[in-house]
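Here the structure is laid out as structure tokens; the discussion comes afterwards.
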Amino acid sequence: MAPEVGSARGAQRMAAVSEGAATCPRCGAQIAQDRGYVAWCRRCDWNVDPLPPRALPTRKADRVAARVDADAERALALAAGARDHSTRDRVVEMFPVLIALGVHLVSLVVVLAGLYLVLVPGGVLAILFGVLLVSAAVLLRPHLGRISKRDVTVTRATAPELFGLLDEIALAASARPVQLVVLNGDFNAAYGSVGLRRRRVVWIGVPLWLVLAPDERLALLSHEIAHQVNGDARRGLLVGTSIESLASWYQAFKWTHDAEGGLGPVDYLSWLLSLPLAKAIQLTLRLQLRLTARSHRRAEFAADDLAAEIASTGAVLALLDVSLLSTPCLRALQHDSRHGDGALWDLLVTWRGGLPGGEWERLRRADRLRGASVDASHPPTAHRVDALRALSDRSGKLVLGADRSRRIDVAEILPASRMVERRLRDWLESDRVVV
Ligand SMILES: [Zn+2]
Ligand SMILES: [Zn+2]
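Okay, so the sequence shown: first residue is 36 according to the working numbering, each after it adds one.
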């Protein structure tokens, strides 16, 4: 996931606000202000979230937001064990599988029809059409993801300490061992399997990794590895690849939508033919995403739950707290890359250490107020915190000591991440980016 980028106006407003008022304009309470941070009122929450909403509210957006909220509530209730998995839930979960089978059947029929036309004698035209069908099926196959040469990777050979830790976590989670770690400049981490051989990969955003305490690092890696075993339909081979297929079909057929001006008769005919097809693909894709949304969100709760079992409830809660720091952290890094000496990695630890308690509290409250945003595929952090608190407090199966954590940094992550730092600095310094 790319770092979140706010608007220039929002940043200016935050700066302006942080220099003013000592009493709250709404309730008159005293505002204790941390220099350089947003001024806000702890009593009435005035200015707790000074960033403007991303889009103007519309009725449709309201409906979507209400649905997302209702779904999140149900997933939360399930995660907290308050509600059983009903027959209705199970029926709803069958549909994505049926749609996926349909999608893959279409691919298969196209390939077989193409091969039939090529192999069974029927004239040059038939062969040409057959070749066309087979190449279309190959070009529009689902993307299984790949690791590119540009990616900064660490392996079992170059990072034995980190992989030793990943192995212990995989064992505790009853998951299979991770095969590759990719380092990037995100304030995030991820898990996935890539390529035909489905190599198991963990992506670690170095900025996030460096601000985490050892137990939070353990919680992060446990959460990511838990994605292997948390039953997320979207990550399954059958349903996951059907979503990829639908997405690439839609990309292939929708171009004619856009080219409305200056159509010749042939263009016009193909536009007319592909329009309903593109619409049908788009609707199926939306339906598939909608049907898997709940399983996807519940899987996030399940991953938190398993991470708590491995790294302790407290460590996962602390990690969720740090996840609120994404934008402030990138803002601090950008400031330093433009005005400081640009040693980004050194700055991170000092920055987290110096963050005032009032700012943490504001970020927590702002996150709770925003709740489920329309574009969130993950449950709001506040819901994840509630789900964990509703379960019993766990003390964790594994421990990551400070020494081992430091050894992973010094010998394995930091030497490998110089290129990541350079690319992140270039990105932050470019004029397009206002964090
Ligand atoms: Zn107030
Ligand atoms: Zn996750």
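The C-beta atom is built at its ideal place from N, Cα and C for all residues, glycine as well.
- When C-alpha distances from leucine 352 are compared across Arg424, Trp380 and Asp371, the shortest belongs to Arg424.
- Here arginine 181 has Val229 and Gly230 as same chain residues with Cβ atoms under 7 Å from its own Cβ, once five neighbours each way along the sequence are excluded.
- The beta carbon of aspartate 428 is closer than 6 Å to those of Thr348 in its chain, skipping five residues each way along the sequence.
- In this structure, valine 264 keeps its C-beta atom at 8 Å or more from the C-beta atom of leucine 218.
- For the pair glycine 388 and aspartate 250, the Cα-to-Cα distance works out to about 16 Å.
- Under the 8 Å Cβ criterion, the segment 444-451 counts as touching the segment 189-198, having at least three qualifying pairs.
- Nearest C-alpha to leucine 435 among Glu203, Ala328, Val216 and Ala208: Glu203.
- The straight-line gap separating the alpha-carbon atoms of valine 213 and valine 159 is approximately 50 Å.
- Annotation: the continuous alpha helix (DSSP H) that includes arginine 400 extends over 392-405.
- For glycine 227, the uninterrupted beta strand (DSSP E) segment begins and ends at 224-229.
- For glycine 388, the enclosing alpha helix (DSSP H) stretches over residues 379-388.
- Look at which beta carbons fall closer than 6 Å to any heavy atom of ligand 2; those residues are His258, His262, Glu335 and Ala338.
- For arginine 329, the uninterrupted alpha helix (DSSP H) segment begins and ends at 300-346.
- In chain order, the residues that have a beta carbon nearer than 5 Å to some heavy atom of ligand 1 are Cys59, Arg61, Cys62, Ala64, Cys76, Arg78, Cys79 and Trp81.
- Counting along the chain, isoleucine 66 sits inside no beta strand (DSSP E), nor does DSSP assign it H or E at all.
- DSSP, reduced to helix, strand and coil, places glycine 240 within a strand of the structure shown.
- Around the beta-carbon of leucine 152, 16 or more other beta-carbon atoms lie within 10 Å, marking it buried.
- When rounded, the separation of the alpha-carbon atoms in alanine 205 and arginine 211 is 6 Å.
- When the five nearest sequence neighbours on each side are left out, the beta carbons in the same chain lying within less than 6 Å of the beta carbon of alanine 437 are those of Pro249, in order along the chain.
- Within the same chain, Cβ atoms closer than 6 Å to the Cβ of cysteine 59 are found at Ile66, Cys76 and Trp81, the five residues on either side in sequence being excluded.
- Separation of arginine 439 and leucine 253 (C-alpha to C-alpha, rounded to the nearest whole angstrom) is 11 Å.
- DSSP places valine 445 outside any beta strand (DSSP E), giving it a letter other than H or E.
- When Cβ pairs closer than 8 Å are counted between the two stretches, the segment 315-332 is seen not to touch the segment 221-241, the count staying below three.
- For leucine 168, the enclosing alpha helix (DSSP H) covers residues 159-174.
- Taken through DSSP and simplified to helix, strand or coil, threonine 58 comes out as strand.
- For the pair proline 311 and leucine 163, the Cα-to-Cα distance works out to about 25 Å.
- Listed in chain order, the non-local C-beta contacts of alanine 225 below 6 Å within the same chain comprise Trp238, local neighbours out to five positions each way being set aside.
- Contact fails between the segment 372-384 and the segment 258-277, because fewer than three Cβ pairs, one in each stretch, are under 8 Å apart.
- DSSP places valine 146 within a helical segment (H, G or I) once states are collapsed to three.
- For threonine 122 and arginine 325, the gap between their C-alpha atoms comes out near 18 Å.
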